[in-house]
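Chemist: First the structure, which I've put down as structure tokens, then a few questions once you've had a look.
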Amino acid sequence: MKKGPDILLVQLPPWDPQTVPLGIAYLVTFLKSKGIAAEVFDLNIYMYNMKAKGPVKGWDWVDDNWWSSNRVGAEFLPQLEHFAEEILGFDAPVIGFSANIDSIVFLNLLLGVIKRISPDKKIVVGGPAVFFEKVRVLDFDAKLIDYFIIGDGELALYKLLRSLDEPDEFEAEKDKSCKVWKDDPSGKPVCLQEKTMDLDALTHPTFEEFDLSTYAEHGNVLPIIFSKGCSRHCVFCADTVICAPLRLRSPKKVVEEIKFHLKRLPNIKRFRLNDLGFNADLNFLDEFCERIIKEGIKISWKGQAQIRPDMGQELLVKMKKAGCQAMELGVENFSDNVLALMKKQYTGTQAVFFLKAVKEAGIGTELLFIIGFPGETREDFYLNLEFIKDNASYIDRFNSLNICGFPIGCELFANPEKFGYFFRENEDWQTYDGKNTWQERKWRLKELTLCCRQLGIPFDLSVDVNMHEEILKDKSIKLIS
Numbered sequence: 003m004k005k006g007p008d009i010l011l012v013q014l015p016p017w018d019p020q021t022v023p024l025g026i027a028y029l030v031t032f033l034k035s036k037g038i039a040a041e042v043f044d045l046n047i048y049m050y051n052m053k054a055k056g057p058v059k060g061w062d063w064v065d066d067n068w069w070s071s072n073r074v075g076a077e078f079l080p081q082l083e084h085f086a087e088e089i090l091g092f093d094a095p096v097i098g099f100s101a102n103i104d105s106i107v108f109l110n111l112l113l114g115v116i117k118r119i120s121p122d123k124k125i126v127v128g129g130p131a132v133f134f135e136k137v138r139v140l141d142f143d144a145k146l147i148d149y150f151i152i153g154d155g156e157l158a159l160y161k162l163l164r165s166l167d168e169p170d171e172f173e174a175e176k177d178k179s180c181k182v183w184k185d186d187p188s189g190k191p192v193c194l195q196e197k198t199m200d201l202d203a204l205t206h207p208t209f210e211e212f213d214l215s216t217y218a219e220h221g222n223v224l225p226i227i228f229s230k231g232c233s234r235h236c237v238f239c240a241d242t243v244i245c246a247p248l249r250l251r252s253p254k255k256v257v258e259e260i261k262f263h264l265k266r267l268p269n270i271k272r273f274r275l276n277d278l279g280f281n282a283d284l285n286f287l288d289e290f291c292e293r294i295i296k297e298g299i300k301i302s303w304k305g306q307a308q309i310r311p312d313m314g315q316e317l318l319v320k321m322k323k324a325g326c327q328a329m330e331l332g333v334e335n336f337s338d339n340v341l342a343l344m345k346k347q348y349t350g351t352q353a354v355f356f357l358k359a360v361k362e363a364g365i366g367t368e369l370l371f372i373i374g375f376p377g378e379t380r381e382d383f384y385l386n387l388e389f390i391k392d393n394a395s396y397i398d399r400f401n402s403l404n405i406c407g408f409p410i411g412c413e414l415f416a417n418p419e420k421f422g423y424f425f426r427e428n429e430d431w432q433t434y435d436g437k438n439t440w441q442e443r444k445w446r447l448k449e450l451t452l453c454c455r456q457l458g459i460p461f462d463l464s465v466d467v468n469m470h471e472e473i474l475k476d477k478s479i480k481l482i483s
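In terms of my numbering, the sequence shown is residues 3 to 483.
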């Protein structure tokens, strides 16, 4: 009888269904390189494809709140037993789940079924959802979880798996890699990995554990990274806290990985960069492009990038020649007042000059934008509309039009008094002067969408599903002149 793997790694929904989840792809490759028998089950894409014949509720930005509500239980309760049986069918003694904040409600329900059927399974949970202690203690069903992995998981998970067979070794490593969760030292340790691990020391994913044809891009796009972490400290972003500090791979290693994938998968010609900002280090970017051009590698790539007034036209042209298709730019606002409050490192005018330079290099511009930041006045909002109207030719689309929210862990969330707002009983927020309320923010977003419609700029809304439908259907509001 075939022996099951040492560990099964499960990607939880909701996650991007377009291509392979890069986090667990790195994990499974690392564990295998250390002699651990590891397998992967992408529950996210499994569930996505189950629903793909009809409306796929739950896999759009507009559905974030749907996953964290009671509706997810009502939707999937009849299928939880089936999902649990699929996972348990791998016969792994340890099951590791990659979770984000929106996964928690679903995971608690799923673990309840798994532990009922097979109470001896060891459950490990990692991913961005477990980084903050408040979330671990208050939101997860602790009695169903044996271990948390905090931050980069490769080395910590490897040490944890070894410790299950060699408890004495685990005790010796505890001071370096782990701390105790809760009060009981024999209870649920939280395993921590040093963030300074050399990224070039990690074996790049092979993706051989995944059926690429099951993803929405049909296996024609692969994810890749130049770096982990971010060089910026925007006050509304928790990713800069979770992923800190900025660490770079070498351009040589990245190009070697690309060549590996092209040789193994000839149909792959496009790559999706999963960096927080792929142009965080201009020297890296310049050398990467030089290598791609010199070796005659024909690919296209895109990803999230920073507004960089210090980034010259020569490098942008080189990026285009090396296959850069588009830059997803976190402009967020054009008001100098708001940009300063956000701790952005540029002005609205500098942002426009950069957008123009990117377009002149032949690279697409896809913007991320936030409305209703604490301190954003009506005058700031009108200024944004004027900037957009005057510079529409430099904007290909808005990938995200978003009402300002406060992810747990970001500076904005931690300092309401500093930023002049307070939370209301319904968990909404407003500024102390009463001028920035939910109704005001909703009105501003509606006006901005109407502006985009008039200018012919495509956009996606990063708001909950009810508001998304309300805004798209409401054509009664006239555009501010």
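The beta carbon of each residue, even a glycine, is placed where N, CA and C say it ideally should be. Since the structure is predicted, the reported quantities are computational estimates derived from the model, not experimental observations.
1. On the three-pair Cβ rule with 8 Å, is the region 101-117 touching the region 131-145?
2. Which residues bound the alpha helix (DSSP H) around T439?
3. Can you check which of these residues, M344, G374 and K358, is closest to T367 by C-alpha distance?
4. Report yes if the C-beta of F408 is less than 6 Å from at least one heavy atom of the ligand PLP; otherwise report no.
5. Select from K254, V132, G221 and S215 the residue whose C-alpha is nearest the C-alpha of L287.
6. For D44, list the residues DSSP reports as bridge partners.
7. So which of V74, A363, F415 and T351 has the shortest CA-CA distance to L318?
8. Give the straight-line distance between the Cα atoms of L162 and V96, rounded to the nearest whole angstrom.
9. Between which two residues does the alpha helix (DSSP H) carrying I410 extend?
10. Give me, in chain order, the residues of the same chain whose beta-carbon lies closer than 7 Å to that of C245; leave out the 5 immediate sequence neighbours on both sides.
11. What's the gap between the Cα of I151 and the Cα of I106?
12. Which residue or residues does DSSP assign as beta-bridge partners of R307?
13. Would the beta-carbon of A94 fall within 7 Å of that of P207?
14. Whose C-beta lies closer than 8 Å to the C-beta of F212 among residues of the same chain, with five residues either side of it excluded?
15. In the DSSP output, which residue or residues are listed as bridge partners for G37?
16. My output table needs one value for P19: the three-state DSSP class, helix, strand or coil.
17. Have a look at A86 and S70 and give me their C-alpha separation to the nearest angstrom.
18. Would P460 be called buried (16 or more neighbouring beta carbons within 10 Å of its own) or exposed?
19. Could you check how far apart the C-beta atoms of N393 and I372 are, in whole angstroms? I think they sit under 8 Å.
20. E289 lies in the alpha helix (DSSP H); which residues open and close that run?
21. Around the C-beta of G436, are 16 or more other C-beta atoms found within 10 angstroms, so that it is buried, or is it exposed?
22. If the criterion is Cβ atoms closer than 7 Å, does the pair V333 and L369 meet it?
23. Note down the Cα distance separating G91 from L33, rounded to an integer number of angstroms.
24. Could you give the C-beta distance for F389 and M344, rounded to a whole number, given that I count them as a contact under 8 Å?
25. Could you check what DSSP says for F415 in three-state terms: helix, strand or coil?
26. Ignore the nearest five residues each way along the sequence and tell me which others in D338's own chain have a CB closer than 6 Å to its CB.
27. Have a look at N335 and V360 and give me their C-alpha separation to the nearest angstrom.
28. For P247, which option in L264, A282, L267 and H263 has the closest C-alpha, if you only look at C-alpha atoms?
29. Are the beta-carbon atoms of L24 and G98 separated by less than 7 Å?
30. For I15 and D104, what's the separation of their Cα atoms in angstroms?
31. Quick one, which of Y384, I260, N46 and K300 has its alpha-carbon nearest Q13's?
32. Taking DSSP as the reference, what is the three-state secondary structure of G279?
33. Spatial neighbours of F408 within its chain, please: CB distance less than 8 Å, with the 5 preceding and 5 following residues excluded, ordered by chain position.
34. With DSSP run on the structure shown, which of helix, strand or coil describes D489?
35. Grab me the residues of F280's own chain with a C-beta within less than 6 Å of its C-beta, minus the 5 sequence neighbours each way, in chain order.
36. Suppose you measure from the CA of I116 to the CA of C454; what does that come to, to the nearest Å?
Modeler: Concretely, from the data shown:
1. Yes: the two stretches touch, three or more of their Cβ pairs being nearer than 8 Å.
2. Neither: T439 is in no alpha helix (DSSP H) and is coded neither H nor E.
3. Looking at the Cα atoms, K358 is the closest of the given residues.
4. Ligands in the displayed structure: none, and consequently the ligand PLP is not present.
5. Nearest C-alpha to L287: K254.
6. Residue pairing of D44 in beta bridges, as defined by DSSP: Q13.
7. The option with the nearest alpha carbon to L318 is A363.
8. Distance between the alpha carbons of L162 and V96: 11 Å.
9. Unbroken run through I410: none, as it is neither H nor E.
10. Cβ within range, chain order: K230, G231, C232 and L278.
11. Cα to Cα, I151 sits roughly 15 Å from I106.
12. Here residue 307 turns out to be Ala, not Arg, going by the sequence shown. Partner(s): L331.
13. Their beta carbons are not under 7 Å apart, which means A94 does not touch P207 by this criterion.
14. For F212, the CB contacts under 8 Å within the same chain, skipping 5 residues up- and downstream, are V22, A27, V42 and D44 in chain order.
15. For G37, DSSP assigns no beta-bridge partner whatsoever.
16. In this structure, P19 counts as coil in the three-state DSSP scheme.
17. Looking at the two C-alpha atoms, the distance is approximately 20 Å.
18. Exposure of P460 is indicated by the presence of fewer than 16 other C-beta atoms within 10 angstroms of its C-beta.
19. Contact between N393 and I372 fails: their C-beta atoms lie close to 18 Å from each other, not under 8 Å.
20. Where E289 is concerned, the enclosing alpha helix (DSSP H) stretches over L284 to K296.
21. With a 10 Å radius around the Cβ and a threshold of 16 neighbouring Cβ atoms, G436 comes out exposed.
22. It is a contact, given that the beta carbons lie within the stated cut-off.
23. Straight-line Cα distance between these residues: approximately 21 Å.
24. About 15 Å separates the CB atoms of F389 and M344; that is not less than 8 Å, and the two are not in contact.
25. When DSSP states are grouped into helix, strand and coil, F415 belongs to the helix group.
26. Its chain contains T349 and G350 as the residues whose beta carbon lies nearer than 6 Å to that of D338, once the 5 sequence neighbours on both sides are disregarded; these appear in chain order.
27. Taking the straight line from one Cα to the other gives about 18 Å.
28. Residue A282 holds the alpha-carbon nearest to the alpha-carbon of P247 among L264, A282, L267 and H263.
29. With contacts defined by Cβ atoms closer than 7 Å, L24 and G98 do not form a contacting pair.
30. A small correction: the amino acid at residue 15 is Pro; Ile does not occupy that position in the sequence shown. Distance between the alpha carbons of P15 and D104 is about 8 Å.
31. Closest in alpha carbon position to Q13, among Y384, I260, N46 and K300, is N46.
32. Here G279 sits in coil by DSSP.
33. Counting only Cβ-Cβ distances below 8 Å, and skipping sequence neighbours, we find F238, L414, F415 and W431.
34. Residue 489 is absent from the model: the chain starts at 3 and stops at 483.
35. F228, G305 and A307, listed in sequence order.
36. When rounded, the separation of the alpha-carbon atoms in I116 and C454 is 47 Å.
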